[in-house]
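Quick notes on the structure that follows.
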Ligand SMILES: Cc1cc2nc3c(=O)[nH]c(=O)nc-3n(C[C@H](O)[C@H](O)[C@H](O)COP(=O)(O)OP(=O)(O)OC[C@H]3O[C@@H](n4cnc5c(N)ncnc54)[C@H](O)[C@@H]3O)c2cc1C
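Residue numbers (the working numbering): 189 to 655.
The structure is reproduced here in structure tokens:
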């Protein structure tokens, strides 16, 4: 349940206008919640607008999520794909950045409510994104982390590289094999990228690094519930992506649903047949649901949501009955263009951010904009070192050409110039050497190996506790 508005905190964050010279008229106050793709591109589009703009995020950095899998697999460091929001927006004199978590909104009083204060607005853009969905099995999260934040990526990186370390020291062949079995759940872009990268690690990066195990014998299993991976792409590209994964040693199991995940492994089912996969390392890439602010918005404004909890926005991205509140990006469900919701991808969030910003400026001039429309620039996903699939309307590419386009596009969109240069250098080096220099295991490692006389369950839970 959302926090109650009546429980208002003592602090009201100073109005941005209070920094203005005395006597100057109050400007239109725009508040953006979330400095991800949607929020940041809305903010950038308002750089020349005659407004007081406040960007609020619970993190002090913008995260380039499409490259998170590189952090999770030791290819890049977190800082390579993050840019401090203050640095990105420092030249925008009409903009201030606040570090804070929004927990509620008061649409009749035009205020957003943080854990430690309130911020007034005239126009509000909400872009708080999405989180993982375990389809009612929240207990799986501990065993099978999803990839959404820097912390998730560091945790997954730790689990992957720790598994090889544990296998190196494990005398029992059955347990060794479970350490060397990696299960990725979900055949969408994130699952495919993760499985491909783990395949690279096992077959190339770590090939000569161990003495008692052969990392290339590791099993990487990608489990997908429907009959093909990358369902957002043409079937021919799904097929090519599957073949590319198989070349990297990934077993792709289609039509299999996960029914249980515990310390010892993953159980999948197809029809009535259940299969148990002993595995110590599971990555979740199967489900996405709207961020918790969706519940708050529903409660406060009566707006409807789709099954994933995304807000059903009006054709101008506002909330019905609240023309000054816009919801964009992964939190929004916009189906006015094709009858189907637009996909939860960065270009949609960016273009919605730009649109909401332009609409606010137009309205200040007493004008309107036509309803929002998304111009599809195509989609792409990468599979390992030099393979990808890309689709733009009827044009379909795979292999090297698709990978080069993928590389170019991702570098273009990395927010800060420093990051682009760093990432390009890092990538070039990794590409030539097949190295992954950021494969750090951070935090406590504890006891990796079970005592030979210890019951398997006990040994497993002990090893689990070390993660
Ligand atoms: C692993 C992964 C890989 C992806 N790969 C691709 C890809 O290859 N191509 C592609 O186009 N898209 C990709 N996406 C999807 C893309 O990243 C999202 O569609 C995009 O980030 C959505 O933008 P957004 O602004 O809606 O949300 P986000 O970018 O998620 O930003 C949300 C922001 O809101 C902040 N926030 C959340 N709640 C609060 C709160 N209560 N108070 C204050 N701040 C808050 C968060 O800290 C965050 O900064 C990927 C996503 C993931 C997770």
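By construction, the Cβ of each residue, glycine as well, lies at the ideal position given by its N, Cα and C atoms.
The structure displayed is predicted, hence computed values, not measured ones.
(1) Quick check: does the Cβ of residue 479 come within less than 7 Å of any heavy atom belonging to ligand 1?
(2) Find the nearest neighbour of residue 324 within the set 449, 577, 570, 523, judged by alpha-carbon distance.
(3) Would residue 251 pass as a contact of residue 270 if the rule is Cβ separation under 8 Å?
(4) Which of the three DSSP states is assigned to residue 344 in this structure?
(5) Taking the continuous beta strand (DSSP E) assigned at residue 265, which residues delimit it?
(6) Using the Cα positions of residue 429 and residue 550, report the straight-line distance between them to the nearest angstrom.
(7) With C-beta atoms as the reference, is residue 491 less than 8 Å away from residue 508?
(8) What does the Cβ neighbour count give for residue 225, buried or exposed, with the cut at 16 atoms within 10 Å?
(9) Any heavy atom of ligand 1 inside 7 Å of the beta-carbon of residue 316?
(10) Report the start-end ranges of each beta strand (DSSP E) in the stretch 369–441 that is 3 residues or longer and not cut off at the edges.
(11) Using 7 Å as the cut-off, classify the Cβ of residue 227 as near or not near the heavy atoms of ligand 2, replying yes or no.
(12) Once the 5 residues before and after residue 624 are set aside, which same chain residues still bring their CB inside 7 Å of it?
(13) By the DSSP assignment, the alpha helix (DSSP H) with residue 593 in it spans what residues?
(14) How about the stretch 586–606 and the stretch 301–310: do they share at least three Cβ pairs that are nearer than 8 Å?
(15) When you compare each of 223, 318, 461, 463 to residue 288 by their alpha carbons, which one comes out closest?
(16) May I ask whether a heavy atom of ligand 1 can be found less than 7 Å away from the beta carbon of residue 378?
(17) DSSP three-state label for residue 238, please.
(18) With residue 482 as the anchor, note down where its alpha helix (DSSP H) starts and where it stops.
(19) Which term fits residue 296, buried or exposed, when burial requires 16 or more other beta carbons within 10 angstroms of its beta carbon?
(20) For the beta strand (DSSP E) that residue 287 lies in, which residues bound it at each end?
(21) With respect to 7 Å, is the separation between the Cβ of residue 245 and the closest non-hydrogen atom of ligand 1 below this value?
(22) Relative to the alpha-carbon of residue 366, which residue among 379, 352, 375, 373 has its alpha-carbon at the smallest distance?
(23) State the beta-bridge partners of residue 547 as determined by DSSP.
(24) Taking DSSP's pairing of strands, which residues face residue 216 in a bridge?
(25) Going along the chain, which residues of its own chain have a beta-carbon closer than 6 Å to the beta-carbon of residue 391, five neighbours each way excluded?
(26) In the structure shown, what three-state DSSP assignment does residue 502 receive?
(27) Give the DSSP-derived three-state secondary structure of residue 454 in the structure shown.
(28) Within the same chain, show all residues whose beta-carbon is closer than 6 Å to that of residue 457, passing over the 5 residues directly before and after it, in chain order.
(29) Measure the Cβ-Cβ separation of residue 273 and residue 285 and say whether it is below 8 Å.
Let me spell this out:
(1) In this structure, residue 479 has its CB closer than 7 Å to one or more heavy atoms of ligand 1.
(2) The residue with the shortest Cα to Cα distance from residue 324 is 449.
(3) A contact, by the Cβ cut-off of 8 Å.
(4) Secondary structure of residue 344 (DSSP, three-state): helix.
(5) Where residue 265 is concerned, there is no enclosing beta strand (DSSP E), given that its DSSP letter is neither H nor E.
(6) Answer to the nearest angstrom: the Cα atoms are 44 Å apart.
(7) Taking 8 Å as the Cβ cut-off, residue 491 and residue 508 qualify as a contacting pair.
(8) The residue is buried, with at least 16 neighbouring Cβ atoms inside 10 Å.
(9) Yes, the beta carbon of residue 316 sits closer than 7 Å to at least one heavy atom of ligand 1.
(10) For the stretch 369–441, the full-length beta strand (DSSP E) segments reaching 3 residues or more read 369–373, 407–411, 438–441 along the chain.
(11) Inclusion of ligand 2 in the displayed structure is not the case, the ligand content consisting of ligand 1 alone.
(12) So the qualifying residues of the chain are 261, 262, 263, 389, 393, 618.
(13) Element bounds for residue 593: 587–601.
(14) No, the stretch 586–606 does not touch the stretch 301–310.
(15) Sorting 223, 318, 461, 463 by C-alpha distance to the C-alpha of residue 288 places 223 at the top.
(16) Yes, Cβ of residue 378 sits closer than 7 Å to a heavy atom of ligand 1.
(17) It is coil, neither helix nor strand.
(18) Note, residue 482: alpha helix (DSSP H), 481–489.
(19) Under this definition residue 296 is an exposed residue.
(20) Here the beta strand (DSSP E) through residue 287 covers 283–287.
(21) Yes, the beta carbon of residue 245 sits closer than 7 Å to at least one heavy atom of ligand 1.
(22) The residue with the shortest Cα to Cα distance from residue 366 is 352.
(23) As DSSP reads the structure, residue 547 sits in no beta bridge.
(24) In DSSP, residue 216 forms a bridge with 239.
(25) Cβ within range, chain order: 404, 437.
(26) Reduced to three states, the DSSP call for residue 502 is coil.
(27) It is a strand residue.
(28) Same-chain partners within the cutoff: 445, 447.
(29) Cβ atoms of residue 273 and residue 285: closer than 8 Å.
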